[in-house]
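Heads up, the thing below is written out as structure tokens.
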Amino acid sequence: MLAALVLVFREVLEAGLIIGVVLAASRGVIGRGGAVSLGVVAGIAGSAVVAFFAAGISNAFDGRGHEIFIAAILLFAVVMLAWHVVWMAQHAREMTQQLRQLGNDVTAGRRSLFALGAAVAIAVMREGSEVVLFMTGIVMGGTETAGQLLIGSVIGLALGAAVSMVLYFGLAAIPLKRMFSVTGVLVTLLAAGLAASAVAQLSSAGLLNVLDTPVWDTSWLLSEKSWFGQILHILIGYMAKPTGMQLIAYGITAGTIFLLGFIVRTPATRPAVSSR
Amino acid sequence: MGTSFSSRIGARFRAFISALAVAAIAVGGAWIGASEVQAAEEHAIEISIKDHKFEPDSLKLPAGKPIKITVKNLDATPEEFESYELGFEKIIAGNSSAIIRLKPLKPGTYMFFGEFHQDSALGHIVVE
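The listed protein sequences derive, respectively, from chains D and H. Numbering (the UniProt record's numbering) for the first sequence: 1 to 276. Numbering (the UniProt record's numbering) for the second sequence: 1 to 128.
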């Protein structure tokens with residue numbers, strides 16, 4: 001039961017942390033609750049579909065299908081998160097001002113809802129398909145411990161959701177003034193970490209053989225499989241043994257998003273809301 | 001109005017194009033110099049999973065050669081074939097198989113396991 005609990009907890013936490021960061025980063029965007037809920041539902045539905053076709057996906061492209069599929073959805077998530085960060089950078093000023101006003105009639109934000117929902121859906125789909133497969137395995141196995149394993153899974157699910165909410169409320173407690181810059185940085189590093197993971201996938205599929213040896217190994221300091229290491233891996237893309245190509249992907253992605261966010265940022269000299 | 005309508009649309013469009021640019025650079029970077037490992041060089045081995053155990057659960061592999069492991073899951077339930085030391089994890093549906101490709105390895109012992117049945121599905125690879 002404990003093994004099931006831990007396994008499901010890890011997967012749920014992984015998706016949950018991403019959702020928590022994205023939610024915090026989009027405070028004040030009208031309709032984000034709907035977009036995120038829709039993303040979660042779509043992600044769960046997607047998990048079931050991916051789980052159902054797991055064997056087919058895995059065997060595609062001479063056994064490289066799983067890696068290519070994961071790399072593709074990760075890169076899509078990177079684009080969605082990048083879009084979101086850049087969009088928020090553009091509108092943070094007016095949104096902060098509007099959030100401060102009573103009545104809270106924020107008008108900005110609808111454009112990035114698709115990006116928001118899609119990023120959430122991908123996070124849920126990627127981790128969810130594993131949970132779905134694990135739990136169908138329990139049910140199919142039909143052993144006497146199946147009930148216990150299912151209870152463990154459900155507790156793991158609840159715990160994962162709870163920890164993600166703690167993260168969200170922690171981030172939401174940051175003063176509004178600094179809030180968007182903090183979450184902007186977090187989402188940027190999150191996206192960079194996902195890009196590095198996509199590179200790892202392509203590399204293990206044998207499709208990317210340049211600079212594919214680890215540049216350093218900090219496993220002794222912080223293992224990627226330890227709890228803290230894993231959380232850092234999810235949130236900021238911590239890698240104990242990054243390859244050269246992973247570092248390049250991380251750097252380029254983070255750098256590009258920072259740069260774009262800087263370019264589109266609303267000039268400080270212009271009052272964004274009072275002019276309406 | 002501090003900002004004109006057209007410039008607002010332009011800004012949104014710019015944000016979207018910027019995001020696309022990130023993707024293009026990421027993908028472009030990923031494919032630079034990408035080339036496939038030639039099948040002929042690969043050292044191919046097979047592992048099967050039955051009753052949540054690996055067969056064989058101990059393997060010897062040559063150092064310095066790319067490895068292709070075909071894992072056949074003979075159980076009806078899915079398994080996740082994983083190794084921390086070799087850096088892979090892959091789900092294998094019930095009654096199906098999957099392929100894991102490894103870069104050339106240094107001599108040493110590497111553990112692997114089935115994440116869904118960590119009490120019984122354990123094995124190791126000795127590279128020399």
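For each residue, glycine too, the CB sits at the ideal point set by N, CA and C. Since we're looking at a predicted model, the values are computed, not measured.
Within 8 Å of the CB of LYS225(D), the CB atoms of chain H belong to TYR84, in sequence order along the chain. In this structure, ALA161(D) sits near GLY16(D), with a CB-CB distance shorter than 7 Å. Ranking GLY46(D), ILE263(D) and ILE257(D) by CA distance to the CA of SER129(D) puts GLY46(D) first.
Shown here, PHE53(D) sits in coil according to DSSP, grouped into three states, outside any helix or strand. Residues of the region 75 to 100 of chain D with a C-beta atom less than 7 Å from some C-beta of chain H are LEU75, VAL78, VAL79, ALA82, TRP83, VAL86, TRP87 and GLN90, listed in chain order.
In the structure shown, SER120(H) falls within a coil segment according to DSSP collapsed to helix, strand and coil. At a cut-off of 7 Å between beta carbons, SER18(H) contacts chain D. Close CB contacts of ALA192(D) within its chain, under the 7 Å cut and outside five residues either way in sequence, are with GLY237, TYR250, THR253 and ALA254 (chain order).
Residue pairing by DSSP places GLY128(D) in no beta bridge whatsoever. Taking C-beta separations shorter than 7 Å and ignoring five residues to either side along the sequence, the partners of LEU133(D) in its chain run ALA51 and ALA54, following chain order.
The shortest CA-to-CA distance from GLY31(D) to any of SER219(D), ILE248(D), ILE263(D) and ALA115(D) is the one to ALA115(D). Looking only at GLU115(H), THR70(H) and ALA63(H), the smallest Cα-Cα distance to SER48(H) is reached by THR70(H). At a cut-off of 7 Å between beta carbons, LEU133(D) contacts chain H. Secondary structure at ILE174(D): coil, using DSSP grouped into helix, strand and coil. By the 16-neighbour rule on beta-carbons within 10 angstroms, ASN73(H) is buried. Remark: fewer than three beta-carbon pairs, one from each stretch, lie closer than 8 Å, so the region 18 to 35 of chain D and the region 146 to 154 of chain D are not flagged as touching.
Comparing alpha carbon positions, the residue from TRP216(D), VAL210(D) and PHE258(D) closest to LYS103(H) is VAL210(D).
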